[in-house]
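Since the structure comes first, as structure tokens, the remarks are kept for the end.
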Amino acid sequence: MENVLTKTSSSSADSDITRAPPNSHLPPKKEAGGWRSVKYILGNESFEKLASMGLIANLTVYLQTRFNMDGIQLVNVFNIWSGSTNVTPLLGAFLSDTYLGRFRTLICGSTASFLVKSYICSFPTTHGMVVMSLIAGIPNLRPLHCTGGSNCQKPEFWQLGVLYLGLGLLAIGAGGVRPCNIAFGADQFDTRTEKGRAQLESFFNWWYFSFTVSLVIALTVVVYVQTNVSWVIGYGIPAACLFFSIVIFLIGKHTYIITKPQGSVFVDMAKVIVAACKKRALSLESTPENSFYDPPCIESDQQVTKLAHTNMFKFFDKAALIADPSELDDKGLPKNSWRLCSVQQVEQLKLVVGLVPVWITGIGCFITMDQMNTFGLMQAIQSNNKIHNFKIPPGWMGLSSMICLSTWIFVYEQIYLPYAKKRSKKNVRLTMRQRINTGIVMAILCMVVAGIVEKNRREKALKQGSLLSPQSILLLLPQFSLSGLNEGFAAVAVMEYYTNHLPESMRTLAGAIFFLSFSASSYLNTAIVNVVHQVTAKLGKTPWLGGRDLNKVKLDNFYYLIAGLALLNLLYFNLFSCRYLVKNADKTPGSRHEDKGLEMNENV
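Per this note's numbering, numbering of the sequence shown is gapless, rising by one per residue and ending at 701.
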């Protein structure tokens, strides 16, 4: 027996001695996360955006020139599809938070989109980008080509059905990527430190900068190929870009901080609403704090931030009110989670409800951007696009937006901030309120300039008696540039607000809400366009919208209307919703908002 024990002990010791030297010579293992990880995430995002924008950037031109759609139908199709594409991230956020986690959801979403874009030989009617490629390559899948005028052949119902099938599948494929890429990137920083919070703020700008650069490439190379070479090849390039995005993302796997799914906040919010409605007759007056069900968070869930009870939106507090001790079992847990919820669940819902005022402001900003994606490109189609015997593709107009956006971010991060910090040695970043206000002002100027330019374009075309105006397409650059600045100021700030406002465990939801605001703006814009078309057409004078020929409508009046709505949005933000930038910052326990509360209060 002694021999056995001695041998075992000796073997164990020898084993330890044998393993020691290799470990002692290994270099120290690098910590996961930080900019080391983010560079792969930004690379993935850049190629994914290049792939998706390869379709979106020129879709307006494609629908008008290949499907002979008039202005109203084109805007409806584009906006409804764009809105649907930004709704599917809610489903992706649910799957990420409940089952897959952000890393797996990103992999699944990217892979699914790649399959949608690449399987040309098999199941051609079940993959989105493939359907678009087939429509571009097979003439029978679209109406006869029309060179101009109003008597063009309309697409058949079955042709529209094939088109809608392809667009619908692309919208589904976007649901897995969009809600997770921002949240997964934010996971790589330790926001408990001042350095981590500063890095996170820079990440939002660089996230926008990186994919904006890829958009510039998409708007030049891909759009040129689609317009002047082949629509089939033009839709094949995005598939290759998406493949590269998956490869880059997988290469960086060993550097990522990968968090486990914490459960669906959607279900928790539904439980709070149902429980509060069931207890709507109860009174909260003179209710002691210990009457609420407020268990401690599980220690192992380091990602979950314990939220303190607040007095905002008090109606939802009824969901956590213990009306009867029988609502708890012997272990102190709720017998019915749809009747009694924790304070943590209630406060999570309150945080989401607190987003709504600023969320509405974001929608107002994004409506202006929608105009440039549709009517702005229609202006470009009917402008003189020849510059020294070179024809500028109308889809290139979006380049000025992307260049202005990326230029602003680069100047802000690399020139303004370093110089200002050297002089003041304080936090010199523009506040969210300042950036959102600037973005709304840019939106107003964008619509005013667009209205002036459109009126001159139409008058010159009517004077010449032609479909195309002799006015140069370059005169559209200012309005597209202002649209890019609107996005650079307002959209980046709103995205940062959503992500910072919610705790780390709800970041995927923050990403979904950001894209949901784009969806809401698309649907709202569709409604506005149709109402304006019907009302102005009934007045008996020249309608503001409608038809394939912008020379027969007064698009400039519609632009002025949108400028007026943007002005109302500016007043709404400064008189009401801006207060939630401060209120929610001060009432998010354990978040980095508390460090910036004084700064925000000074600016409000």
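We put the CB at the ideal spot given by N, CA and C, even for glycine.
query	result
Spatially closest choice to S134 from C205, G459 and F200, by CA coordinates	F200
CB-CB length for K368 against Q441, believed under 8 Å	Between Q441 and K368 the Cβ distance is about 12 Å, and since that is not below 8 Å, they are no contact.
Sufficient close CB pairs (3 or more, under 8 Å) joining the segment 461–472 to the segment 659–670	yes
V313 and M499 closer than 8 Å at C-beta	yes
V362 versus S439 - alpha carbon distance	13 Å
Where I533 falls: helix, strand or coil (DSSP)	helix
Those runs of the alpha helix (DSSP H) which lie wholly inside the segment 555–626 and span at least 4 residues	574–583 and 589–598
Nearest to M366 (by Cα), restricted to the options E424, S380 and W435	W435
Bounding residues of the alpha helix (DSSP H) (the contiguous stretch that carries G168)	G168 to T182
Delimiting residues of the alpha helix (DSSP H) encompassing N325	V320 to N325
Per DSSP, the bridge partner or partners of N481	S569
Alpha-carbon to alpha-carbon, G536 and M409	29 Å
Cβ-based neighbour list, P358, same chain, cut-off 8 Å, excluding 5 preceding and 5 following	S193, D194, T195, Y196, L197 and G198
Contact belief for G265 with M475 at Cβ below 8 Å, rounded distance in angstroms	Going by Cβ atoms, the distance from G265 to M475 rounds to 24 Å, so no, they are not a contact pair.
DSSP-derived helix/strand/coil call for F389	strand
Spatial neighbours of F281 in its chain, beta-carbon cut-off 7 Å, leaving aside the 5 residues before and after	I138, R199, F200 and L203
Sequence-distant residues of the same chain with beta carbon closer than 8 Å to K146, five excluded per side	F308, S311, L312 and A315
Contacts around E551, its chain only, beta-carbon distance under 8 Å, and the 5 residues preceding and following it disregarded	Q476, L647, L652, D653 and Y656
Distance, A617 Cα to G180 Cα	7 Å
Alpha-carbon to alpha-carbon, N627 and R275	29 Å
Straight-line Cα distance separating V320 from V545	28 Å
Nearest-angstrom beta carbon gap, K376 and A420 [assumed within contact, 8 Å]	6 Å
Sequence-distant residues of the same chain with beta carbon closer than 6 Å to R82, five excluded per side	Here the chain covers residues 98 to 701 and nothing more, so residue 82 does not appear.
Start-to-end residues for the alpha helix (DSSP H) that takes in L452	V440 to Q468
Any 3 or more C-beta pairs closer than 8 Å across the segment 479–498 and the segment 559–571	yes
Cβ-based neighbour list, I549, same chain, cut-off 6 Å, excluding 5 preceding and 5 following	none
Own chain residues within Cβ distance below 8 Å of S299, not counting five before or after	E510
Touching by the beta-carbon criterion (3+ pairs, under 8 Å), the segment 525–534 and the segment 588–597	yes
Contact belief for L381 with K415 at Cβ below 8 Å, rounded distance in angstroms	7 Å
Residue(s) in a DSSP beta bridge with F487	I484
Where T290 falls, given that 16 or more other Cβ within 10 Å makes a residue buried	exposed
Check whether Q576 and A547 have beta carbons under 8 Å apart	yes
Contact the segment 453–460 vs the segment 576–595: 3+ CB pairs below 8 Å	yes
Neighbour-count burial assignment, L678, 16 or more Cβ in a 10 Å radius	buried
Cβ pair I533, G585 closer than 8 Å	no
DSSP three-state assignment for P240, whether helix, strand or coil	coil
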